[in-house]
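Here it is, written out as C-alpha cells:
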C-alpha cells in the first residue's frame, strides 16, 4: 500500500502541512484501516 501526493498546502503561520493524496491499496494505517484517523474523541475505550 502507498499514497501519491496530489496537492500540498501550508497554513497562514506556516506550522501545519496538509497533503491531499490518492490511496493505492487497502490501508494507510498500521492497523489495516484506510486512515489512521478512524476513531472519534467521543468513542469509549
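Numbering (this note's numbering), first residue to last: 21 to 65. No residue lacks a Cβ here, since even glycine has one placed at the ideal position from N, Cα and C.
The beta carbon of residue 52 lies closer than 8 angstroms to those of 46 in the same chain, with the five residues before and after it left out. In chain order, 21, 23, 54, 55 and 56 place their CB closer than 7 angstroms to the CB of residue 48, counting only its own chain and leaving out the 5 sequence neighbours on each side. Collapsing the DSSP output to three states places residue 53 in coil.
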